[in-house]
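**Q** For the record, the sequence lines run as chains B and L. Each residue of the first sequence is one higher than the one before, counting from 6 in my numbering. Each residue of the second sequence is one higher than the one before, counting from 248 in my numbering. Supplied in structure tokens, the structure appears directly below.
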Amino acid sequence: MNAMRQPSPGGPGDAKPAAAPAQGKPDSAGAKKGGPSAGNPARPKRSRRSRTASEWQGKAYTLICVAILIVTIFSMVFFVASKGLATFFTNGVSVSEFLTGIKWSPDGEPPSFGALPFITGSFATSILAACIAAPLSFCAAVFMTELMPKFGKRFMQPVIELLAGIPSVVYGFVGLSVVVPFLRSIFPGQGLGIAAGAIVLSIMILPTITSIATDSLSNLPRGLKEGSYALGATRWQTISRSILPAVLPSMLTGVVLGIARAFGEALAVQMVIGNSPHIPRSLFESASTLTSVITLSMGNTVKDTVQNNVLWSLALVLLVMTFVFVGIVRLLERRARR
Amino acid sequence: MNQVMEIDRLNLHYGDFHALKEINLGIPEKTVTAFIGPSGCGKSTFLRTLNRMNDLVPGVQIGGSVKLDGQDIYGADTDVEVLRKRVGMVFQQPNPFPKSIFDNVAYGPRLHGIRDKSRLNDIVERSLRGASLWEEVKDLLGKSALSLSGGQQQRLCIARALAVEPEVLLMDEATSALDPISTLKIEELVRELKKEYTIVMVTHNMHQAARVSDRTVFFLNGELVEAEETEKLFSNPTDARTEDYITGRFG
Ligand SMILES: Nc1ncnc2c1ncn2[C@@H]1O[C@H](COP(=O)(O)OP(=O)(O)OP(=O)(O)O)[C@@H](O)[C@H]1O
Ligand SMILES: [Mg+2]
Numbered sequence: 006m007n008a009m010r011q012p013s014p015g016g017p018g019d020a021k022p023a024a025a026p027a028q029g030k031p032d033s034a035g036a037k038k039g040g041p042s043a044g045n046p047a048r049p050k051r052s053r054r055s056r057t058a059s060e061w062q063g064k065a066y067t068l069i070c071v072a073i074l075i076v077t078i079f080s081m082v083f084f085v086a087s088k089g090l091a092t093f094f095t096n097g098v099s100v101s102e103f104l105t106g107i108k109w110s111p112d113g114e115p116p117s118f119g120a121l122p123f124i125t126g127s128f129a130t131s132i133l134a135a136c137i138a139a140p141l142s143f144c145a146a147v148f149m150t151e152l153m154p155k156f157g158k159r160f161m162q163p164v165i166e167l168l169a170g171i172p173s174v175v176y177g178f179v180g181l182s183v184v185v186p187f188l189r190s191i192f193p194g195q196g197l198g199i200a201a202g203a204i205v206l207s208i209m210i211l212p213t214i215t216s217i218a219t220d221s222l223s224n225l226p227r228g229l230k231e232g233s234y235a236l237g238a239t240r241w242q243t244i245s246r247s248i249l250p251a252v253l254p255s256m257l258t259g260v261v262l263g264i265a266r267a268f269g270e271a272l273a274v275q276m277v278i279g280n281s282p283h284i285p286r287s288l289f290e291s292a293s294t295l296t297s298v299i300t301l302s303m304g305n306t307v308k309d310t311v312q313n314n315v316l317w318s319l320a321l322v323l324l325v326m327t328f329v330f331v332g333i334v335r336l337l338e339r340r341a342r343r
Numbered sequence: 248m249n250q251v252m253e254i255d256r257l258n259l260h261y262g263d264f265h266a267l268k269e270i271n272l273g274i275p276e277k278t279v280t281a282f283i284g285p286s287g288c289g290k291s292t293f294l295r296t297l298n299r300m301n302d303l304v305p306g307v308q309i310g311g312s313v314k315l316d317g318q319d320i321y322g323a324d325t326d327v328e329v330l331r332k333r334v335g336m337v338f339q340q341p342n343p344f345p346k347s348i349f350d351n352v353a354y355g356p357r358l359h360g361i362r363d364k365s366r367l368n369d370i371v372e373r374s375l376r377g378a379s380l381w382e383e384v385k386d387l388l389g390k391s392a393l394s395l396s397g398g399q400q401q402r403l404c405i406a407r408a409l410a411v412e413p414e415v416l417l418m419d420e421a422t423s424a425l426d427p428i429s430t431l432k433i434e435e436l437v438r439e440l441k442k443e444y445t446i447v448m449v450t451h452n453m454h455q456a457a458r459v460s461d462r463t464v465f466f467l468n469g470e471l472v473e474a475e476e477t478e479k480l481f482s483n484p485t486d487a488r489t490e491d492y493i494t495g496r497f498g
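Laid out in structure tokens, this is it:
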């Protein structure tokens with residue numbers, strides 16, 4: 006997770022001036038606070054006591070913040086879980102039917118709740134998106150650090166970071182008016198589907214993977230490249246045989262983070278995927294994801310009905326998958342450090 | 248003696264900074280040549296012109312000529328990759344690749360198109376023996392090179408350089424990051440290697456230069472002050488500046 010936050014404030018050049026004034030403020034504020042109590046030589050005892058008091062205040066303050074955070078997180082997990090599990094325990098839908106069933110008709114007679122089309126849709130779009138974005142990101146990162154560092158730092162990096170800031174509705178809109186017609190003109194079908202979703206998502210996760218790849222490329226030990234060149238390697242041999250293997254572990258972290266982000270993205274995907282609740286037979290046929298079906302259906306259900314609860318079950322699947330992704334990232338990071 | 252490398256009126260600029268001034272030097276075959284001189288005098292820079300590693304630094308300008316077996320390595324028809332294969336290099340900091348010991352040594356031969364497993368095995372064993380590392384690592388060839396000690400890593404880097412069968416081996420303060428025992432091992436190794444290779448080494452340790460080199464070259468502020476038989480240079484230097492340096496009066 007660290008890696009995702011690090012690159013966000015522009016290039017290293019941008020980060021410094023931004024950080025300096027930000028650091029200055031709390032410092033001077035702290036000095037003012039400590040001033041009257043610490044700066045009184047006549048009564049050292051009292052000053053010590055008030056210092057421990059302010060120490061306590063600080064501790065209490067941070068503790069409260071942390072407590073609020075933890076309570077929020079846990080209550081959210083609890084809320085989603087209780088609602089989501091109610092489908093199975095209160096409404097009696099079978100778990101295996103939910104996870105493996107392929108028929109989704111919550112309002113049918115009898116209703117059926119097979120979520121497999123959405124689960125496969127989510128996995129297919131996000132993994133495909135990562136497969137498109139990973140090589141692009143690696144090439145972009147190599148370009149920015151190895152081939153044209155000046156141009157990369159000054160132009161490419163801000164542009165790629167800009168991509169991260171574009172709202173997802175814009176991505177969806179562009180996808181709908183550019184990607185979908187393009188796919189429709191080449192492949193059979195409407196153009197809406199997993200392929201369109203994956204393409205839109207791949208652009209959205211490009212910044213995540215690229216910034217992690219760029220970071221790890223610029224943190225490579227200098228000797229690594231020189232060692233390779235000194236043995237008579239060409240530039241391409243050096244990139245493919247010594248740089249790529251060295252950054253692969255952290256690239257993988259970036260890819261998993263990208264998949265996690267793609268997995269959770271709702272709006273843009275929903276706009277281009279077609280939203281039919283079936284497992285599509287091709288990448289160019291209308292499909293659905295967990296997120297798209299939740300956003301589409303949540304307005305049309307009544308609280309505490311099975312139709313509503315089953316949406317929470319879908320959300321629970323999303324939540325669990327997020328945990329899994331975070332776990333994988335942790336694992337990869339620990340392995341890379343060793 | 249046969250001169251493997253001949254450097255003629257070499258000048259090098261980093262942008263506006265004149266780092267090497269009119270260097271003339273011959274490097275005889277199968278000898279150890281040591282470069283000494285105060286920090287920043289251009290020893291590394293000069294060493295790196297011998298296998299064109301300076302090409303990687305932006306803004307470098309090089310004039311004059313460096314000949315390897317009579318051919319100008321800065322000439323238009325020189326293949327830099329072939330040159331670097333013929334003139335190998337070991338760096339100050341051990342820099343093994345984050346790969347297995349075997350893959351480190353096999354990296355160079357693989358670059359130059361050797362795929363055959365048994366041939367690679369032979370090369371790896373021969374190179375590791377050449378760097379007197381074989382006995383220590385023969386059972387851990389699959390282990391990561393980063394798990395070796397600093398001294399072992401440096402000998403692995405030497406083995407890696409030997410694996411492409413260079414004619415000249417450049418060593419830039421190859422022992423400065425190592426403990427005395429590893430240093431002695433590498434010095435011994437250098438004396439051994441000069442039977443087959445021409446070695447050029449940069450060192451800050453004048454005792455080391457005296458112990459292992461046949462010829463010593465003294466640099467000062469980008470100029471070559473004196474190049475002599477090691478014994479002669481340390482016992483009876485021609486130039487007063489050399490004498491000041493080796494007697495510790497400055498630098
Ligand atoms: N890439 C570079 N760009 C600009 N100047 C450089 C560069 N590399 C070296 N220099 C300058 O060239 C001069 C010689 O550097 P060099 O590294 O060759 O010295 P050295 O003799 O090897 O020193 P040391 O003993 O400390 O390793 C120094 O003044 C250094 O500042
Ligand atoms: Mg140096």
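A virtual CB, placed ideally from N, CA and C, is assigned to each residue, including glycine.
With 9 Å as the C-beta to C-beta threshold (strictly closer), list the residues of the region 215 to 232 of chain B near chain L in chain order.
**A** 226, 227, 228, 229, 230, 231, 232
**Q** Looking at the C-beta of residue 326 of chain B, does it have a partner C-beta in chain L at a distance below 8 Å?
**A** As a first step, residue 326 of chain B must be located in the first sequence, where it is residue number 321. With 8 Å as the cut-off, residue 326 of chain B does not count as an interface residue toward chain L.
**Q** Apart from the five residues just before and just after residue 121 of chain B, which ones in its own chain have a Cβ nearer than 8 Å to its Cβ?
**A** By 1-based counting over the first sequence, the position of residue 121 of chain B is 116. Hits under 8 Å: 104, 105, 106, 107, 284.
**Q** Whose beta carbon lies closer than 5 Å to any heavy atom of ligand 1, going through the chain in order?
**A** With the criterion CB distance below 5 Å from any heavy atom of ligand 1, the matching residues run L/261, L/266, L/286, L/287, L/288, L/289, L/290, L/291, L/292, L/304 along the chain.
**Q** Would you call the region 362 to 374 of chain L in contact with the region 404 to 417 of chain L, where contact means no fewer than 3 C-beta pairs closer than 8 Å?
**A** Because the criterion of three Cβ pairs below 8 Å is met, the region 362 to 374 of chain L and the region 404 to 417 of chain L touch.
**Q** Extract the residue ranges of the beta strand (DSSP E) inside the region 138 to 200 of chain B, only unbroken runs of 3 or more that lie entirely within it.
**A** Segments of the beta strand (DSSP E) lying fully in the region 138 to 200 of chain B: there are none.
**Q** Report yes if the CB atom of residue 472 of chain L is closer than 8 Å to the CB atom of residue 280 of chain L, and no otherwise.
**A** Position 225 of the second sequence, counted from the start, is the residue given in the question as residue 472 of chain L. Position 33 of the second sequence, counted from the start, is the residue given in the question as residue 280 of chain L. Contact: no.
**Q** Measuring CB to CB, does residue 411 of chain B end up less than 8 Å from residue 275 of chain B?
**A** With chain B covering only 6 through 343, there is no way to say anything about residue 411 of chain B.
**Q** Just to check, is the beta-carbon of residue 419 of chain L closer than 7 Å to a non-hydrogen atom of ligand 2?
**A** Residue 419 of chain L sits at position 172 when you count from the first residue of the second sequence. Yes, the beta carbon of residue 419 of chain L sits closer than 7 Å to at least one heavy atom of ligand 2.
**Q** Between residue 348 of chain L and residue 384 of chain L, how many whole angstroms is the CB-CB distance? I'm expecting something under 8 Å.
**A** For this step, residue 348 of chain L is matched to residue 101 along the second sequence. For this step, residue 384 of chain L is matched to residue 137 along the second sequence. Confirmed, about 5 Å.
**Q** The alpha helix (DSSP H) spanning residue 260 of chain L covers which residue range?
**A** Locating residue 260 of chain L in the second sequence gives position 13, where the first residue counts as 1. Element bounds for residue 260 of chain L: not the alpha helix (DSSP H) but the beta strand (DSSP E), 250 to 261.
**Q** Do residue 307 of chain L and residue 259 of chain L have their CB atoms nearer than 8 Å?
**A** Start at 1 with the first residue of the second sequence, and residue 307 of chain L comes out as number 60. Start at 1 with the first residue of the second sequence, and residue 259 of chain L comes out as number 12. Contact: yes.
**Q** Which residues in chain L have a C-beta closer than 7 Å to the C-beta of residue 251 of chain B? List them in chain order.
**A** As a position in the first sequence, residue 251 of chain B is number 246, starting the count at 1. Those are 345, listed as they occur along chain L.
**Q** Could one say the Cβ of residue 269 of chain B lies closer than 8 Å to chain L's Cβ atoms, at least one of them?
**A** As a first step, residue 269 of chain B must be located in the first sequence, where it is residue number 264. It does not: the Cβ of residue 269 of chain B has no partner Cβ on chain L nearer than 8 Å.
**Q** DSSP state of residue 239 of chain B, grouped into three classes?
**A** As a first step, residue 239 of chain B is located in the first sequence; it is residue number 234 there, counting from the start. Note: residue 239 of chain B maps to coil in three-state DSSP.
**Q** Distance, Cα to Cα, residue 351 of chain L vs residue 330 of chain L?
**A** Stepping through the second sequence from its first residue, residue 351 of chain L is reached at position 104. Stepping through the second sequence from its first residue, residue 330 of chain L is reached at position 83. Roughly 20 Å between the two C-alpha positions.
**Q** Under 8 Å by Cβ, that's how I've got residue 126 of chain B and residue 78 of chain B pegged, so tell me the actual separation to the nearest angstrom.
**A** The sequence position of residue 126 of chain B within the first sequence is 121, counting from 1. The sequence position of residue 78 of chain B within the first sequence is 73, counting from 1. Wrong, their Cβ atoms sit about 27 Å apart, outside the cutoff.
**Q** Along the chain, where does the beta strand (DSSP E) that runs through residue 266 of chain L open and close?
**A** The sequence position of residue 266 of chain L within the second sequence is 19, counting from 1. Looking at the DSSP string, the run of the beta strand (DSSP E) that includes residue 266 of chain L is 264 to 275.
**Q** Classify residue 305 of chain L as buried or exposed, calling it buried when 16 or more other Cβ atoms lie within 10 Å of its own Cβ.
**A** For the purposes of this step, residue 305 of chain L is taken as the residue at position 58 of the second sequence. The residue is exposed, with fewer than 16 neighbouring Cβ atoms inside 10 Å.
**Q** For residue 445 of chain L, which residues does DSSP report across the bridge?
**A** To locate residue 445 of chain L, count along the second sequence from 1; it is residue 198. Partner(s): L/415.
**Q** Does ligand 2 have even one heavy atom less than 7 Å from the beta-carbon of residue 82 of chain B?
**A** Working through the first sequence from its first residue, we reach residue 82 of chain B at position 77. Every heavy atom of ligand 2 is 7 Å or more from the Cβ of residue 82 of chain B, so no.
**Q** Quick one: grab the DSSP three-state call for residue 474 of chain L.
**A** In the second sequence, counting from the first residue as 1, residue 474 of chain L sits at position 227. Note: residue 474 of chain L maps to strand in three-state DSSP.
**Q** Mind reading off the beta-carbon distance from residue 296 of chain L to residue 313 of chain L? Whole number of angstroms is fine, and I expect it under 8 Å.
**A** What you label residue 296 of chain L is simply residue 49 of the second sequence in a count that begins at 1. What you label residue 313 of chain L is simply residue 66 of the second sequence in a count that begins at 1. Their Cβ separation, rounded to whole angstroms, is 6 Å, which keeps residue 296 of chain L and residue 313 of chain L in contact under 8 Å.
**Q** Could you please tell me which residues of the region 233 to 246 of chain B, in chain order, have their CB closer than 8 Å to any CB of chain L?
**A** 233, 234, 235, 236, 237, 238, 239, 242, 246
**Q** Name the residue from B/162, B/166, B/207 whose alpha carbon lies nearest to the alpha carbon of residue 184 of chain B.
**A** Within the first sequence, the letter at position 179 stands for residue 184 of chain B. Residue 184 of chain B has its Cα closest to that of B/207, out of B/162, B/166, B/207.
**Q** Which residue marks the beginning of the alpha helix (DSSP H) containing residue 457 of chain L, and which one marks its end?
**A** Your numbering for residue 457 of chain L matches position 210 in the second sequence. Residue 457 of chain L: member of the alpha helix (DSSP H) spanning 453 to 459, first to last residue.
**Q** Taking 8 Å as the threshold, find out whether the region 279 to 295 of chain B comes into contact with the region 184 to 197 of chain B through three or more Cβ pairs.
**A** yes
**Q** Which residues in chain B have a C-beta closer than 8 Å to the C-beta of residue 338 of chain L? List them in chain order.
**A** Your numbering for residue 338 of chain L matches position 91 in the second sequence. Those within 8 Å of residue 338 of chain L in chain B are 228, 231, 232, 235.
**Q** Strictly below 8 Å CB to CB, what residues from chain B border residue 332 of chain L?
**A** Against the second sequence, residue 332 of chain L aligns to sequence position 85. The answer, in chain order, is 236, 237.
**Q** Distance cutoff 8 Å, beta carbons only. Does residue 335 of chain L sit that close to anything in chain B?
**A** Position 88 of the second sequence holds residue 335 of chain L. For residue 335 of chain L, the answer is yes, since a Cβ of chain B falls inside 8 Å of its Cβ.
**Q** The alpha helix (DSSP H) spanning residue 256 of chain B covers which residue range?
**A** Here residue 256 of chain B is taken as the residue at index 251 of the first sequence, counted from 1. First-last of the alpha helix (DSSP H) with residue 256 of chain B: 249 to 269.
**Q** Identify the contact partners of residue 358 of chain L in chain B, using a Cβ-Cβ distance below 7 Å as the criterion.
**A** If you number the second sequence from 1, residue 358 of chain L lands on position 111. Under the 7 Å cutoff, chain B gives 236, 237, 238, 242.
**Q** Taking DSSP's pairing of strands, which residues face residue 336 of chain L in a bridge?
**A** In the second sequence, residue 336 of chain L corresponds to position 89, counting from 1. In the DSSP output, where bridge partners are listed per residue, residue 336 of chain L has L/417.
**Q** According to DSSP, what are the bridge partners of residue 79 of chain B?
**A** Counting from 1 along the first sequence, the entry for residue 79 of chain B is found at position 74. Note: residue 79 of chain B sits in no beta bridge, so no partner.
**Q** For residue 1 of chain B, does the count of other Cβ atoms within 10 angstroms reach 16, so buried, or fall short, so exposed?
**A** Residue 1 of chain B lies beyond the range of chain B shown here (6 to 343); nothing can be said about it.
**Q** Does residue 32 of chain B have its Cβ less than 8 Å from a Cβ in chain L?
**A** Along the first sequence, one-based indexing puts residue 32 of chain B at 27. Reliability fails at residue 32 of chain B, whose pLDDT of 40 lies under 50, so the model's placement of it is uncertain and the value that follows must be treated cautiously. Cβ-Cβ to chain L under 8 Å: no for residue 32 of chain B.
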